[in-house]
RNA sequence: GCGGAAUUGGUGAAGUGGUUAACACGCCGGAUUGUGGCUCCGGUAUGCGUGGGUUCGAUCCCCACAUUUCGCCCCA
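Residue numbers (the numbering used here): 2 to 419.
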């Protein structure tokens, strides 16, 4: 038997209902907030992700699906959504007018990692990006949008962690202080952190292995190594969040796994137990240098992404998803009645009535069961004797009342009673 | 990438080195000769993740692999 690749999964039955519901919700909500939908390729040139996500990040160094096409082009299955959106923004010269631009995407991403609860190799991310403004209102809009979205979806006990990475200069300033502080303790850090010390010292703050060590507990606070302007900016962001009733918690050790972030970064964490280790359902931040780094003009941006699989996991607890009930189910026994069922179904569907019937000619009993499984509200019973007199029997599946309708009035009757 | 656990039908699962792999749900058919949902009866895994090995014989023991899952790492 051929099976699905490791870390991939089929979305069927109840999961499919959930996914459809979430997607409908996302589309509605983004439209409501005036975001435009954008779809970019599932794979891009390999260089794009190396330049954006960062050469030193785990995502790029060990988790990408890289391949060469038949013409030896080096390509990578997208591990996240922002890089493609920014590439498209530049390539389509969206910066030429109408800024800031509010975009949202929703699609599958690919990372070669160990699968587990809430983590797959093929997974789905939905995210928004606002390109073209450095105003704190943008930071606040993005964070509160994400927060409200999850609230509306039924999440409770949401926790927003937020931090300010500051400007490039701020970070250089801080990195220097951090390295000076860490230098004498280098031997007490884990092997990964020894490497990070050279490649990406900020990541050491986020290291789970060394978190309990006294070295990290007394580490210099990034918020104290920033310019007055950066500090003021962050203060404003927090102030607005309070106005908007977003519960947040400043976490000076929050740094993201992608290199392109600066200034505001945040994560949204759900305490739903089913999520286990996958409790971070959304994350994002500001990336003011990325557009320029990719060859565009200097355009400040901010965005976030969230994992649909994690939302789906938590949704079991949050609400009971049921299939939409069918308006009608047509039952029949013989061939003549079956022909009638087929044409009647078409006529009803054209009139906007959802209807189904058994195509395989199973027993009447089975057809009744099937009607119940589909939560059909009205049953249309085709009876040869009735048909000869030009009648059709309609049964209300709730009250069990039956009524005989003139065959040529059946559509009108169903439409006005459906 | 590292360490632990699991893998029996459509589903939940019991079970044993040796004839027909329990039970329940579901599904199909019948009693009900064209009106169901209750009840009763019958049917429903040539098969116990895949490939090897041990054995007269393996779903059961051993090995490898795959997949899933938990923890680490990382992340959404």
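Where a beta carbon is used, it is the ideal one built from N, C-alpha and C, also for glycine.
Bear in mind the structure is a predicted one, so any value in this text is a computation, not a measurement.
> What does residue 266 pair with, by DSSP beta-bridge criteria?
Replying inline: 164 and 286
> With a CB to CB cut of under 7 Å and the five nearest residues on each side skipped, what residues in its chain are close to residue 387?
Replying inline: 393, 394 and 405
> Since residue 105 is in the beta strand (DSSP E), which residue starts that stretch and which ends it?
Replying inline: 102-111
>> Ignoring anything shorter than 3 residues, give me the beta strand (DSSP E) runs that lie fully in the region 113-192, in order along the chain.
In response: 123-132 and 159-165
>> For residue 423 and residue 110, I'd like the C-alpha separation in whole angstroms.
In response: Any property of residue 423 remains undetermined from this structure, which presents the chain solely from 2 to 419.
> Where does residue 227 land, buried or exposed, given buried means 16+ other C-beta within 10 angstroms?
Replying inline: buried
>> Can you find the residues in the same chain that come closer than 6 Å, C-beta to C-beta, to residue 252, ignoring five residues on each side of it along the sequence?
In response: 162 and 164
> Which parts of the region 303-334 are runs of the alpha helix (DSSP H), unbroken and 4 residues or longer, counting only runs that do not cross its ends?
Replying inline: 309-319
> Closest by CA to residue 103, which one among 32, 338 and 122?
Replying inline: 32
>> Let me check understanding here. Comparing Cα to Cα, which of 257, 159, 119 and 289 lies closest to residue 276?
In response: 119
> How many whole angstroms separate the CB atoms of residue 143 and residue 353, which I take to be in contact at a CB cut-off of 8 Å?
Replying inline: Going by Cβ atoms, the distance from residue 143 to residue 353 rounds to 39 Å, so no, they are not a contact pair.
> Ends of the alpha helix (DSSP H) at residue 15?
Replying inline: 14-33
> What are the partner residues of residue 356, as DSSP defines its beta bridges?
Replying inline: 329
>> Output needed for residue 342: all residues of its chain with C-beta closer than 7 Å, excluding positions within five of it in sequence on either side, in chain order.
In response: 331, 333, 358 and 383
> Short check: CB of residue 23 to CB of residue 312, under 7 Å?
Replying inline: yes
>> Going by beta-carbon coordinates alone, are residue 410 and residue 124 separated by less than 7 Å?
In response: no
> Smallest Cα separation from residue 87: which of 40, 229, 56 and 413?
Replying inline: 40
> Taking the alpha carbon of residue 159 as the point to measure from, which residue in 89, 129, 70 and 250 has its own alpha carbon closest?
Replying inline: 250
> Is residue 96 helix, strand or coil by DSSP?
Replying inline: helix
> Whole-angstrom Cβ separation of residue 328 and residue 364, contact assumed at under 8 Å?
Replying inline: In fact, because the Cβ distance is near 23 Å, the residues do not count as touching under 8 Å.
>> Counting C-beta neighbours from all protein chains within 10 Å, is the total for residue 242 16 or more, i.e. buried, or is it exposed?
In response: buried
> Taking buried to mean at least 16 other C-beta atoms within 10 Å of its own C-beta, is residue 75 buried or exposed?
Replying inline: exposed
>> Between the alpha carbons of residue 154 and residue 25, how many angstroms are there, rounded?
In response: 12 Å
>> According to DSSP, is residue 49 part of a helix, a strand, or is it coil?
In response: helix
>> Just to confirm the assignment, what range does the beta strand (DSSP E) spanning residue 406 have?
In response: 403-407
> When DSSP labels each residue in this structure, what does residue 78 get in the three-state scheme?
Replying inline: strand
> Under the three-state reduction of DSSP, which class applies to residue 39: helix, strand or coil?
Replying inline: coil
> Does the region 288-305 come close enough to the region 256-265 that 3 or more CB-CB pairs lie under 8 Å?
Replying inline: yes
>> Can you tell me whether residue 226 is helix, strand or coil according to DSSP?
In response: helix
> Is it true that the region 90-104 meets the region 60-77, where meeting means three or more beta-carbon pairs spaced less than 8 Å apart?
Replying inline: no
> Should residue 128 and residue 148 be called a contact, given that it needs their Cβ atoms to be closer than 7 Å?
Replying inline: no
> How do the region 166-177 and the region 216-231 stand: do at least 3 beta-carbon pairs fall below 8 Å, yes or no?
Replying inline: yes
> When the Cα of residue 6 is compared with those of 294, 85, 397 and 114, which residue comes out closest?
Replying inline: 114
>> With a threshold of 8 Å on Cβ separation, who are the neighbours of residue 15 within its own chain once the five nearest residues in sequence on each side are excluded?
In response: 322
> Is it right to say residue 117 is buried, meaning 16 or more other beta carbons lie within 10 angstroms of its own, or is it exposed?
Replying inline: exposed
>> Please report the distance separating the alpha-carbon of residue 80 from that of residue 377.
In response: 43 Å
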